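Start counting the sequence shown at 0; every next residue gets the next number (numbering that gives the first Met the number 0).
Down below is the structure, laid out as structure tokens.
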Amino acid sequence: MSSVDTPKASAVQSPAARLDTLLGKVTMYRLILLVLASLAAYSLLLNALGWLTFGIPEMLVHLVLCLGLTYASNRALAALFHVRPHSESSLITGLLLYFLFWPTFVPTDLAGVALACVLASASKYALAWRGRHIFNPAAVGAFVAGLTGLNIATWWAATPPMLWLLVPGVLLVLYRTRKFPMAAVFAVVAMSIVASELLRTGMSPAMALWQPLAQRPLLFFVGFMLTEPLTLPPRRWQQLALAAVVGVLFAVPYNFGFIANSPELALLVGNLLAFMVGQRGGLKLHFMSSRSLTPSTTEFAFKPSRPVRFVPGQYMELDLPHAKSDGKGRRRVFSVTSAPGSDTVKFGVRTAEPVSAAKKVLLALQPGDQVTATSVGGDFVLPCDRSRSVLLVAAGIGITPYLAQLASGAADDRDTVLLLLARNADEIAYAEELRSSGARIVVRLAEGSVSPSFFSGTGTGGSDEPGRGARLDAESLKALVPDIAEREVYVSGSPASVASLRRAARKAGARRVHVDSFAGY
Numbered sequence: 000m001s002s003v004d005t006p007k008a009s010a011v012q013s014p015a016a017r018l019d020t021l022l023g024k025v026t027m028y029r030l031i032l033l034v035l036a037s038l039a040a041y042s043l044l045l046n047a048l049g050w051l052t053f054g055i056p057e058m059l060v061h062l063v064l065c066l067g068l069t070y071a072s073n074r075a076l077a078a079l080f081h082v083r084p085h086s087e088s089s090l091i092t093g094l095l096l097y098f099l100f101w102p103t104f105v106p107t108d109l110a111g112v113a114l115a116c117v118l119a120s121a122s123k124y125a126l127a128w129r130g131r132h133i134f135n136p137a138a139v140g141a142f143v144a145g146l147t148g149l150n151i152a153t154w155w156a157a158t159p160p161m162l163w164l165l166v167p168g169v170l171l172v173l174y175r176t177r178k179f180p181m182a183a184v185f186a187v188v189a190m191s192i193v194a195s196e197l198l199r200t201g202m203s204p205a206m207a208l209w210q211p212l213a214q215r216p217l218l219f220f221v222g223f224m225l226t227e228p229l230t231l232p233p234r235r236w237q238q239l240a241l242a243a244v245v246g247v248l249f250a251v252p253y254n255f256g257f258i259a260n261s262p263e264l265a266l267l268v269g270n271l272l273a274f275m276v277g278q279r280g281g282l283k284l285h286f287m288s289s290r291s292l293t294p295s296t297t298e299f300a301f302k303p304s305r306p307v308r309f310v311p312g313q314y315m316e317l318d319l320p321h322a323k324s325d326g327k328g329r330r331r332v333f334s335v336t337s338a339p340g341s342d343t344v345k346f347g348v349r350t351a352e353p354v355s356a357a358k359k360v361l362l363a364l365q366p367g368d369q370v371t372a373t374s375v376g377g378d379f380v381l382p383c384d385r386s387r388s389v390l391l392v393a394a395g396i397g398i399t400p401y402l403a404q405l406a407s408g409a410a411d412d413r414d415t416v417l418l419l420l421a422r423n424a425d426e427i428a429y430a431e432e433l434r435s436s437g438a439r440i441v442v443r444l445a446e447g448s449v450s451p452s453f454f455s456g457t458g459t460g461g462s463d464e465p466g467r468g469a470r471l472d473a474e475s476l477k478a479l480v481p482d483i484a485e486r487e488v489y490v491s492g493s494p495a496s497v498a499s500l501r502r503a504a505r506k507a508g509a510r511r512v513h514v515d516s517f518a519g520y
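Written as structure tokens, this is what we have:
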């Protein structure tokens, strides 16, 4: 959902905007794979330096076993079920299992690790509903292997020397997924319970807080497993509630004979709860048609195999497998532009060159072709209270989440202003839909040309008018929308545009600014 050459708040990007731009060049899966691979290499270095005591041969064999078995078993099962394997996902699962089980040459332990690897891959197909796996694969493999008695997950990544790279790695992943609030809820709940238990044993307060972070898998668990997008509920409040529940299950000790508390069991229960409240399983979308919106954007229309549950403003993740990967991944997130209850599901997509391999799949679709939607989610939704006025700011193709909202009557009985930022008049997508939406539309064009006459809020005079020109700072934003302080503000666009526009809105007096955050995994 990127946009280019739209008005922006500053010619100099903030550090956050630069980080967003950098992270946007890799998919979510690729980022996690790179972080886990770095941690694996770091663990070998620590062992060589004497900070870990597994033995290099044991660690190398353990790493090769985890990666090799998850990769090979995933490809074999994919061939059996006639689906295209997701290689990055299998490698991530292998690296997770590498950190969950103790590296050793004991035959029974190796058998347990091998079983966990195969079961993790199998769970993606056997424990799935309508093409969507319900449980975290690594947690399934570790839990079942523990039940057999062959091996028990030790989560050895939770050791003080690993923190030097584990902490920045987890923070990077949480920043990309925008899951800091969820991680914070889980950490507060779990640490409070564990620290309380440790304090009762006579441990000092400082050590009672340090021990859960340094010697229990709290950070690794929340960074790489609890916040996995495919096993989360769709709404933020649901994710926060889930984090609290899993935090309790993670930290409270219990033992019911053959089942005792463990991180993997806590995660599996959380996965089941998330599945029950979300869009249960993937669904097939049958391609109907496409149309050009602007020289650089295209709309794609699909007929879903069953009704789609979503709230206007939410996104859908599509699985678009392609033979030759370009590193941007096969799963891409797009805002749904059609209204809930519609017979079709539509997406507005930027298709200007260079086009990613996944988008080439979209452009090559023929009527009747199928793609799979793997999840629906997001919190970029309007307030339930229709007496609250809103300002919707769209940078380029960032207009897409507002289409479903406006098509659902968002502007019928709510004071709604839409500020549309585009390079020129030809790059204004969905002009007809916006004209009939009922919202007050304000257009600002980067090149300074005259805006279409049917939009309000734009003039035909000099370049100093509020509705024209490339620079959009707090002053010009307030000139465009004088009552911005009385409105809830929503901002959608590329990561760099969102960061700068959010900053401008804050300086202009906006009290609440909501942004859409597409992970791009």
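Yeah, the Cβ is synthetic: ideal placement off N, Cα and C, and Gly gets one too.
Just so you know, these numbers come straight off a predicted model, no measurement behind them.
Review point. Around the C-beta of Q404, are 16 or more other C-beta atoms found within 10 angstroms, so that it is buried, or is it exposed?
Key: Here residue 404 refers to the residue found at position 405 of the sequence shown. Looking at its Cβ environment, which holds 16 or more other Cβ atoms inside 10 Å, Q404 is buried.
Exercise for review: Label L225 either buried or exposed according to how many other C-beta atoms from any shown protein chain fall within 10 Å of its C-beta, with 16 as the threshold for buried.
Suggested key: Counting from 1 along the sequence shown, the entry for residue 225 is found at position 226. By the 10 Å Cβ count, L225 comes out buried.
Review point. Taking the alpha-carbon positions, what's the G528 to A421 distance?
Key: Absent from the structure is residue 528, since the part of the chain shown begins at 0 and ends at 520.
Practice item. With DSSP as the reference, label A351 as helix, strand or coil. Key: Reading the sequence shown from its first residue, position 352 is the one you call residue 351. Coil.
Practice item. Pick helix, strand or coil for Q365, following the three-state DSSP scheme. Key: Numbered from 1 along the sequence shown, position 366 holds the residue referred to as residue 365. If DSSP states are grouped into helix, strand and coil, Q365 belongs with coil.
Point to revise | K123 - containing alpha helix (DSSP H), residue span | key: Walking along the sequence shown from the start, residue 123 turns up at place 124. Taken as a continuous stretch (DSSP letters only), the alpha helix (DSSP H) holding K123 covers P106 to A125.
Exercise for review: Can you give me the Cβ contacts of V166 inside the same chain, cut-off strictly under 7 Å, excluding the 5 residues immediately before and after it?
Suggested key: As a position in the sequence shown, residue 166 is number 167, starting the count at 1. Closer than 7 Å at the Cβ level, and outside the excluded window around V166, lie L218.
**Study point:** Range of the contiguous alpha helix (DSSP H) that encloses L38
**Key:** Numbered from 1 along the sequence shown, position 39 holds the residue referred to as residue 38. Here the alpha helix (DSSP H) through L38 covers M27 to A47.
Review point. Mind checking whether V521 and V335 have CB atoms under 8 Å apart?
Key: This structure gives no information on residue 521, because the portion of the chain shown stretches from 0 to 520.
Point to revise | Buried or exposed (CB count within 10 angstroms, at least 16 for buried), K123 | key: What you label residue 123 is simply residue 124 of the sequence shown in a count that begins at 1. The residue in question, K123, is buried, as its Cβ has 16 or more Cβ neighbours within 10 Å.
**Study point:** Residue burial classification, R305 (beta-carbon count within 10 angstroms, cutoff 16)
**Key:** As a working note, residue 305 is residue 306 in the sequence shown. So R305 ends up on the exposed side.
Practice item. Taking 8 Å as the cut-off, decide whether the C-beta atoms of R501 and V514 are in contact. Key: Taking the sequence shown and counting its residues from 1, the one referred to as residue 501 is at position 502. Taking the sequence shown and counting its residues from 1, the one referred to as residue 514 is at position 515. Yes.
**Study point:** Beta-carbon gap between A171 and F179 smaller than 8 Å
**Key:** Walking along the sequence shown from the start, residue 171 turns up at place 172. Walking along the sequence shown from the start, residue 179 turns up at place 180. For the record, residue 171 in the displayed sequence is Leu; it is not Ala. The answer is no: Cβ separation not under 8 Å.
Check your understanding: Taking all protein chains shown into account, do 16 or more other C-beta atoms lie within 10 angstroms of the C-beta of P294, making it buried, or fewer, making it exposed?
Key -> Locating residue 294 in the sequence shown gives position 295, where the first residue counts as 1. Classification of P294: exposed, given that the 10 Å Cβ count is below 16.
Point to revise | Test item: CB-CB of L145 and A156 under 8 Å | key: Walking along the sequence shown from the start, residue 145 turns up at place 146. Walking along the sequence shown from the start, residue 156 turns up at place 157. A small fix is needed here, since residue 145 is Gly in this sequence, not Leu. Not in contact: G145 and A156 (Cβ atoms no closer than 8 Å).
Practice item. In the DSSP assignment, find the beta strand (DSSP E) that holds R439 and state where it starts and stops. Key: To locate residue 439, count along the sequence shown from 1; it is residue 440. Where R439 is concerned, the enclosing beta strand (DSSP E) stretches over R439 to L444.
Exercise for review: Using 10 angstroms around the beta-carbon of D19, count the other beta-carbons present and answer buried if the total reaches 16, otherwise exposed.
Suggested key: Here residue 19 corresponds to residue number 20 of the sequence shown, with the count starting at 1. Under this definition D19 is a buried residue.
**Study point:** Cα-Cα separation between L64 and A113, rounded to whole angstroms
**Key:** Reading the sequence shown from its first residue, position 65 is the one you call residue 64. Reading the sequence shown from its first residue, position 114 is the one you call residue 113. C-alpha separation (whole angstroms): 7 Å.
Practice item. With hydrogens ignored, establish whether the beta-carbon of R387 is closer than 7 Å to any heavy atom of the ligand SAH. Key: Absence of the ligand SAH from the depicted structure is noted, as is the absence of any ligand whatsoever, leaving it without description.
Exercise for review: Report the rounded CA-to-CA distance for R17 versus L381, giving the unit in angstroms.
Suggested key: Position 18 of the sequence shown, counting from 1, holds the residue named residue 17. Position 382 of the sequence shown, counting from 1, holds the residue named residue 381. Cα-Cα distance, rounded: 28 Å.
Practice item. Determine the extent of the alpha helix (DSSP H) in which A152 is found, giving its start and end residues. Key: Here residue 152 is taken as the residue at index 153 of the sequence shown, counted from 1. From DSSP, A152 is part of no alpha helix (DSSP H); its letter is neither H nor E.
Review point. CB P232 to CB Q313, shorter than 8 Å?
Key: Within the sequence shown, residue 232 is the residue found at index 233, counting from 1. Within the sequence shown, residue 313 is the residue found at index 314, counting from 1. Not a contact, by the Cβ cut-off of 8 Å.
Check your understanding: According to DSSP, which residues form a beta bridge with N254?
Key -> To locate residue 254, count along the sequence shown from 1; it is residue 255. According to DSSP, N254 bridges with A259.
Exercise for review: Within 10 angstroms of the Cβ of F80, are there 16 or more other Cβ atoms? Answer buried if so, exposed if not.
Suggested key: Here residue 80 refers to the residue found at position 81 of the sequence shown. Answer is exposed; the Cβ neighbour count stays below 16.
Check your understanding: Within this structure, are the beta carbons of R510 and A484 separated by less than 8 Å?
Key -> Locating residue 510 in the sequence shown gives position 511, where the first residue counts as 1. Locating residue 484 in the sequence shown gives position 485, where the first residue counts as 1. Contact flag set, yes.
Check your understanding: By Cβ distance below 6 Å, which residues in the same chain neighbour V527 in space, the five residues on each side in sequence not counted?
Key -> Residue 527 cannot be examined here, being either before or after the span of the chain that is shown, 0 to 520.
Check your understanding: In the DSSP assignment, what residue or residues form a beta bridge with K345?
Key -> The sequence position of residue 345 within the sequence shown is 346, counting from 1. A300, per the DSSP bridge assignment.
**Study point:** C-alpha gap between Y97 and Y28, whole angstroms
**Key:** Indexing the sequence shown from 1 puts residue 97 at position 98. Indexing the sequence shown from 1 puts residue 28 at position 29. Each residue's alpha carbon lies about 17 Å from the other.
Check your understanding: Between F185 and the rest of its own chain, which residues show a CB-CB distance below 7 Å, the 5 nearest in sequence each way excluded?
Key -> Here residue 185 corresponds to residue number 186 of the sequence shown, with the count starting at 1. Counting only Cβ-Cβ distances below 7 Å, and skipping sequence neighbours, we find V221, L225, A242, V245 and G246.
Review point. Does the count of Cβ pairs from the stretch 390-399 and the stretch 480-498 closer than 8 Å reach three?
Key: yes
Practice item. Pull up the DSSP beta-bridge partners for Y314, would you. Key: Within the sequence shown, the letter at position 315 stands for residue 314. Y314 pairs with S334 and G376.
Point to revise | Residue range of the beta strand (DSSP E) that includes T415 | key: As a working mapping, residue 415 is identified with position 416 in the sequence shown. Per DSSP, T415 belongs to the beta strand (DSSP E) from T415 to A421.
Check your understanding: Contact between the stretch 487-500 and the stretch 395-402: three or more CB pairs below 8 Å?
Key -> yes
Point to revise | Local conformation of W128 per DSSP, three classes | key: Here residue 128 is taken as the residue at index 129 of the sequence shown, counted from 1. Strand.
Check your understanding: If you draw a straight line from the C-alpha of E87 to the C-alpha of L282, how long is it?
Key -> Mapped onto the sequence shown, residue 87 falls at position 88. Mapped onto the sequence shown, residue 282 falls at position 283. So the two alpha carbons sit approximately 22 Å from each other.
Review point. Nearest CA to the CA of W50: which residue from H61, K506, L162 and A141?
Key: Within the sequence shown, residue 50 is the residue found at index 51, counting from 1. Among H61, K506, L162 and A141, the Cα nearest to that of W50 belongs to L162.
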